[in-house]
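Enquirer:
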Amino acid sequence: MKNTLLLVFTLVLLPGVTSAKSLHISPEIKMGPYWGAGISGGGLQLGGTDVLGLDALYMSYSHTSAELLWDKDRLKTYRIGGQYQLLDHPNKLGFQIEAGLVAYEGQRDYIWSDKSRSAHGSGASISGAWVLFLNEHVGLRIGGDFNYIDKKKTLLGNSWSATFSTGIVIHL
Numbered sequence: 002m003k004n005t006l007l008l009v010f011t012l013v014l015l016p017g018v019t020s021a022k023s024l025h026i027s028p029e030i031k032m033g034p035y036w037g038a039g040i041s042g043g044g045l046q047l048g049g050t051d052v053l054g055l056d057a058l059y060m061s062y063s064h065t066s067a068e069l070l071w072d073k074d075r076l077k078t079y080r081i082g083g084q085y086q087l088l089d090h091p092n093k094l095g096f097q098i099e100a101g102l103v104a105y106e107g108q109r110d111y112i113w114s115d116k117s118r119s120a121h122g123s124g125a126s127i128s129g130a131w132v133l134f135l136n137e138h139v140g141l142r143i144g145g146d147f148n149y150i151d152k153k154k155t156l157l158g159n160s161w162s163a164t165f166s167t168g169i170v171i172h173l
């Protein structure tokens, strides 16, 4: 699945990125999917700027690992995203939107037993973020991710999971 996704992302983005004016790089940290989980993951956006009428077009990957009591959950997302410039003065302000897939792995270790249970699933993932540029090349990003995976394929409490993310956007 990972190789197929990488091939699709490459074929979709390659024509646009080759005509890009500069490189779009954005590392991030994530918090969630549980209340109080703290910093539980990270991610990276990589693409080009001024592509297909967008401020940026990019591929996005993130990895979130969290533990709650006896559960250990891991979410990996693979998305394609675009950054739209909303304002240019006094500071450049943009909005990012992404869509793609999420892969889930979970394990539950029972306390008074040697038994454990695991679950694997996949589903849809979307993300949105605001970007405020401090200058022409560096911006601050804040947003959230929302994932849908059939509850029967996870150990999560419901089919939806959410994470809060923040990062830096760099246009080189």
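Using my numbering, read the sequence shown as starting at 2 and increasing by one per residue.
Glycine included, each C-beta is placed from N, C-alpha and C at the ideal position.
Helix, strand or coil, according to DSSP, for residue 154 in the structure here?
Expert: In the sequence shown, the residue the question calls residue 154 occupies position 153. Of the three classes helix, strand and coil, the one that applies to residue 154 here is helix, per DSSP.
Enquirer: For residue 113, name the three-state secondary structure that DSSP assigns.
Expert: Counting from one through the sequence shown, the residue named residue 113 turns up at place 112. The answer is coil: DSSP assigns residue 113 none of H, G, I, E or B.
Enquirer: Shortest alpha-carbon distance to residue 94 belongs to which of 139, 163, 122?
Expert: Against the sequence shown, residue 94 aligns to sequence position 93. Nearest C-alpha to residue 94: 139.
Enquirer: Cutting at 7 Å between CB atoms, please list the residues of its own chain near residue 111, excluding the five before and the five after it.
Expert: By 1-based counting over the sequence shown, the position of residue 111 is 110. The residues are 71, 117.
Enquirer: According to the Cβ coordinates, are residue 45 and residue 62 closer than 7 Å?
Expert: On the sequence shown, position 44 is the one that residue 45 refers to. On the sequence shown, position 61 is the one that residue 62 refers to. Yes, these two residues count as a Cβ contact at 7 Å.
Enquirer: Going by DSSP, what residues sit across from residue 85 in a beta bridge?
Expert: As a position in the sequence shown, residue 85 is number 84, starting the count at 1. DSSP output for residue 85 lists 96 as bridge partner(s).
Enquirer: Among all the DSSP beta bridges, which residues are the ones paired with residue 106?
Expert: In the sequence shown, counting from the first residue as 1, residue 106 sits at position 105. The partner list for residue 106 (beta bridge, DSSP) reads 75, 121.
Enquirer: What's the call for residue 22, buried or exposed, on a 16-neighbour Cβ count within 10 Å?
Expert: For the purposes of this step, residue 22 is identified with residue 21 of the sequence shown, where counting begins at 1. With fewer than 16 other Cβ atoms within 10 Å, it is exposed.
Enquirer: Which whole-angstrom value is the C-beta distance of residue 107 and residue 79, which I expect to be below 8 Å?
Expert: Counting from one through the sequence shown, the residue named residue 107 turns up at place 106. Counting from one through the sequence shown, the residue named residue 79 turns up at place 78. Going by Cβ atoms, the distance from residue 107 to residue 79 rounds to 18 Å, so no, they are not a contact pair.
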